[in-house]
Each structure stands twice: as structure tokens, then as C-alpha cells.
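Undergrad:
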Amino acid sequence: MYNYKEIGLVNTKEMFEKAYREGYTVPAFNFISIEQMNGIMDAVIEKKSPVILLASPNLHRQLGHEMLIRVVQAGVDRIKHEGLHIPVALHLDHGMSFEHCVTAIENGFSSVMIDGSALPFEENIALTKKVVEYAHAHDVTVEAELGILSGAEEEGAAGHRESMYTDPVMAEEFIRRSGCDSLAISIGTCHGLVKMPPNPDGTLPELRYDILEHIQREIPGFPIVLHGASNIAPEFVEMINQNGGDIRQTAGVPEDQISRAARMAVCKVNIATDGWICALAHTRRILAENPGAVDSRVFTLKIRPELKKLYLHKIDVMGCEGKA
Ligand code: 13P
11 MYNYKEIGLV
21 NTKEMFEKAY
31 REGYTVPAFN
41 FISIEQMNGI
51 MDAVIEKKSP
61 VILLASPNLH
71 RQLGHEMLIR
81 VVQAGVDRIK
91 HEGLHIPVAL
101 HLDHGMSFEH
111 CVTAIENGFS
121 SVMIDGSALP
131 FEENIALTKK
141 VVEYAHAHDV
151 TVEAELGILS
161 GAEEEGAAGH
171 RESMYTDPVM
181 AEEFIRRSGC
191 DSLAISIGTC
201 HGLVKMPPNP
211 DGTLPELRYD
221 ILEHIQREIP
231 GFPIVLHGAS
241 NIAPEFVEMI
251 NQNGGDIRQT
261 AGVPEDQISR
271 AARMAVCKVN
281 IATDGWICAL
291 AHTRRILAEN
301 PGAVDSRVFT
311 LKIRPELKKL
321 YLHKIDVMGC
331 EGKA
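Okay, so the sequence shown: first residue is 11 according to our numbering, each after it adds one.
1) Alpha carbon to alpha carbon, what distance is there between P60 and F119?
2) Under 7 Å from any heavy atom of the ligand 13P, does the C-beta of T283 make it?
3) Following a CB-centred definition, is S107 positioned closer than 7 Å to any heavy atom of the ligand 13P?
4) Say whether the stretch 295 to 314 touches the stretch 12 to 24, bearing in mind that this needs 3 or more beta-carbon pairs closer than 8 Å, one atom from each stretch.
5) Given the structure, does S192 come close to the ligand HEM, in the sense that its CB is under 7 Å from one of the ligand's heavy atoms?
6) When we look at the beta-carbon of V179 and count the other beta-carbons within 10 Å, is it buried (16 or more) or exposed?
7) Give the DSSP bridge partners of G105, in chain order.
8) Please tell me whether, using a cut-off of 7 Å, the distance from the CB of H110 to the nearest non-hydrogen atom of the ligand 13P is below it.
9) Report buried or exposed for Q46, applying the criterion of at least 16 other Cβ atoms within 10 angstroms of its Cβ.
10) Can you tell me whether T213 is buried or exposed, with buried defined as 16 or more other CB within 10 angstroms of its CB?
11) Candidates D52, A271, E116, H70: which alpha carbon is nearest G85's?
12) With distances taken from CA atoms, which of I96, E183, E92, D149 is nearest A136?
13) Taking a contact to mean a Cβ-Cβ separation below 8 Å, would you say C190 touches E153 in this structure?
14) If we require 3 or more residues per run, which beta strand (DSSP E) segments fall completely within the stretch 54 to 122?
15) Go to N280, then tell me how far its beta strand (DSSP E) extends in each direction, as first and last residue.
16) When the distance is taken between beta carbons, is N280 closer than 8 Å to A38?
17) Would you give the residue range spanned by the alpha helix (DSSP H) that N40 belongs to?
18) Measure the alpha-carbon distance for D149 versus N21 and round it to whole angstroms.
19) Where I296 and I42 are concerned, what is the direct C-alpha to C-alpha distance, given to the nearest angstrom?
20) Count the other C-beta atoms from every protein chain shown that fall within 10 angstroms of the C-beta of K90, then say buried if there are 16 or more, exposed otherwise.
21) Using alpha carbons as the reference points, say which of A243, V204, D211, K278 lies closest to Q259.
22) Looking at chain B, is there any beta carbon in it that lies within less than 8 Å of the beta carbon of V20?
23) The beta strand (DSSP E) spanning L156 covers which residue range?
24) If you compare alpha carbons, which of G18, G126, C288, V304 is closest to H323?
25) Pull the bridge partners of Y12 from the DSSP assignment, please.
26) Using beta-carbon positions only, say whether H104 and D87 come within less than 8 Å of one another.
27) Using beta-carbon positions only, say whether L236 and T199 come within less than 8 Å of one another.
28) What residues match up with L236 in a beta bridge as DSSP calls it?
29) I want to check one thing, is the minimum distance from the CB of D52 to the heavy atoms of the ligand 13P below 7 Å?
30) Can you tell me whether V247 is helix, strand or coil according to DSSP?
31) Could you check what DSSP says for S192 in three-state terms: helix, strand or coil?
32) Cβ-heavy atom distance between N68 and the ligand 13P below 7 Å?
33) Is the beta carbon of G202 within less than 7 Å of some heavy atom of the ligand 13P?
34) Use the C-beta contact count for E155: other C-beta atoms within 10 angstroms, 16 or more gives buried, fewer gives exposed.
35) What does DSSP give as the partner residue(s) for M174 in the beta ladder?
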């Protein structure tokens, strides 16, 4: 059992209040390796940006409670040792059951997502409410989801084929009745490598800002979350393909669209795939350049600065430099 406050983590309440008030969004980065954790921490320390570390139930199982929480603790301790005050939350990404959320809360997470988006409306409310009651008793914040994003959250996970946009009036009722602290909505973003199929003229469709504005009018001040917000930079896709990979179809979310959402009610933006493909592209390149390598540090040492560069850029896109 771990208590997030003893680790030096915070929940998302004050982070989101400040982000909403000042018109920026808090970056939420998935991590799956030590290099990624180091790259994220290098960037947030340099930019003095708040951050939400995202760990999925799969990662939680893969690393185990002890390793996961110690990797996070090491990141938080670095901030402390530098004499800085940077709010860091550890958030369960896509908890799919009450049990996932309880396990996370008992093991040091400061915030959880309960993803009931595939359930009928009333069942989603009932499940979210049950998680909220447990989480709030531990001062842990809860993100819920209404509407469906297409694509899988993780490689190997079952994904949805079709998106279903969030209905703003239902969102108001959902938030009021479930008691959740933030809501992930569907306005055109999507998990994975292919976000929005391009228009016939080759341009990318805009996110549905009209839905976001409507939700903002229905529930003023309430923090909204965007999943599936990676940009899928062609430079990483090319590097992967030039070095033995085979990724053909990609279409990311243009970053100016994320910046615009960040100035509205969106207070948390999730980025996973951009981190995966950055690390993978450079790993493939370095291995191709060093065919005789026998020690994985030949690439682990070099991908950390590349990841730092990526996360520094994301912090600029989200407008949260100096917001710690
Ligand atoms: P991307 O696949 O666009 O990075 O989205 C990640 C995400 O939303 C994780 O919950």
C-alpha cells in the first residue's frame, strides 16, 4: 500500500483549476520505460511545467506495483533535489473496471480514469459513481469518458472501429450525476497512428470545436480531457521505414488544433504514440548504424535527449511553460 501524498504526488484538482483559469492544458504523457520517464522529467524540469504521468493497467501489471511506484518516486525526487516545486500527478490511463481503479489507488496513484465509454449511458454513470465514491474517500481525482474514440489505446488492446461524438447535453447530465472531476470527450481525436481520414482535397478535418464550446457553455469551469492527441510526425515515420520498419498509413492531429483546444476548456491532453514512435525511430536508426552492438545502452543513452526534445516541444504546444 502506498499513499500518493507521501510520494510527493498531487491529484489533478488544483492543476486543472489553474489550467482552466489561465488558458493552457496540462500535458499527460504515457511512459513505458526508464528512458521515457527521464526524458519527460528532463523536459518538465527545464520548462517548469506541471505534468501528469500516465500508466495503463497493462503497464501496472507489467512492471508490478513496487517497480512502477519507485520509477515515479525517482522522477519526483529529482524535482525535490533541484529545489523545485513542480506538480506531478500519477494517473491510471483507461482503467476498465472498479478493481483496476482500487488497485491503482491502493498503490500510489493520485488520479484514475474509469473508462465506461463503451457501456450504455446509465451503466457508465453507475460505474463512474462507484469509482468516484471510493476515490474521493482517498482524495484521488477521477476522469470519466463519454463518447467513443476509435483506435486502440495500446498495441494489442481491442479498439473501437467508429468514433461517436460526445453529446454536450448528455455530458452535463453525466457530470452532474456521476460526480467525476474531469471528462474525456470525443471531438475527432483518436488513439494510435491514424486519427482523422483526410478530406477529399487532402486537408485534415478540424476538431469539433463547436461541441467543445457547447460543453463549455453547459458546464462552465469544468475540465475537459482530450485523448488520442498525437501528431504522428512524418520524420519519425520515415526514420522507422528507412530502418526496417513498415508503417504505411498515418494521420495525426495538427498541433495548432491542440493549442487552440488548450486555450478553451481542455485541461489535459494525452500523448502516447508520439513518444513511442520517437523512441522507436531513433532506436531503429541507431541499431542500423551500429550493426555489431551488443549492449542496449548504445541506443538507450541516445534516445533520452531525443525524447526530451519531443516533450519540450509538446509543452510549448500546450502553453504550459512556467506554469508549475
Ligand atoms: P495517442 O495514441 O494519440 O498518443 O493517444 C494516447 C492516449 O490518448 C492515451 O490514453
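Beta carbons are placed, not taken as given, at the ideal position from N, Cα and C, and that holds for glycine.
TA: Well, looking at it:
1) So the two alpha carbons sit approximately 16 Å from each other.
2) Within the chosen limit of 7 Å, the ligand 13P reaches the beta carbon of T283 through at least one heavy atom.
3) Because no heavy atom of the ligand 13P lies under 7 Å away, the Cβ of S107 does not count as near it: no.
4) Contact fails: fewer than three Cβ-Cβ distances are below 8 Å.
5) This structure lacks the ligand HEM; its bound ligands are the ligand 13P.
6) Exposed, since its Cβ has fewer than 16 Cβ neighbours within 10 Å.
7) G105 pairs with I124.
8) Incorrect: H110 has no Cβ contact closer than 7 Å to the ligand 13P.
9) Buried is the call here.
10) T213 comes out exposed.
11) Sorting D52, A271, E116, H70 by C-alpha distance to the C-alpha of G85 places D52 at the top.
12) Ranking the options by Cα distance to A136, first place goes to E183.
13) Contact annotation: C190 and E153 have beta-carbon atoms nearer than 8 Å.
14) Annotation: the stretch 54 to 122 contains the following complete segments of the beta strand (DSSP E) (minimum length 3 residues), in chain order: 61 to 65, 98 to 105.
15) Boundaries of the beta strand (DSSP E) harbouring N280: 276 to 281, taken from the DSSP string.
16) Yes, the Cβ-Cβ distance between A38 and N280 is below 8 Å.
17) No alpha helix (DSSP H) contains N40, which is instead part of the beta strand (DSSP E) from 36 to 40.
18) For D149 and N21, the distance between alpha carbons rounds to 8 Å.
19) Just so you know, the alpha carbons of I296 and I42 end up roughly 20 Å apart.
20) It counts as exposed.
21) Of the candidates A243, V204, D211, K278, the one whose C-alpha sits nearest the C-alpha of Q259 is V204.
22) In the structure shown, chain B cannot be found, because there is only a single protein chain.
23) Where L156 is concerned, the enclosing beta strand (DSSP E) stretches over 151 to 156.
24) When only C-alpha atoms are compared, the closest one is C288.
25) For Y12, the beta-bridge partners assigned by DSSP are N117.
26) The Cβ-Cβ distance between H104 and D87 does not fall below 8 Å.
27) In terms of Cβ geometry, L236 and T199 form a close pair [threshold 8 Å].
28) In the DSSP output, where bridge partners are listed per residue, L236 has V279.
29) Because no heavy atom of the ligand 13P lies under 7 Å away, the Cβ of D52 does not count as near it: no.
30) Helix, per DSSP.
31) In the structure shown, S192 sits in a strand (DSSP, three-state: E or B).
32) Incorrect: N68 has no Cβ contact closer than 7 Å to the ligand 13P.
33) Taken from the Cβ of G202, at least one heavy atom of the ligand 13P lies inside 7 Å.
34) Burial call: buried.
35) Within the DSSP bridge table, the entry for M174 names I158 as partners.
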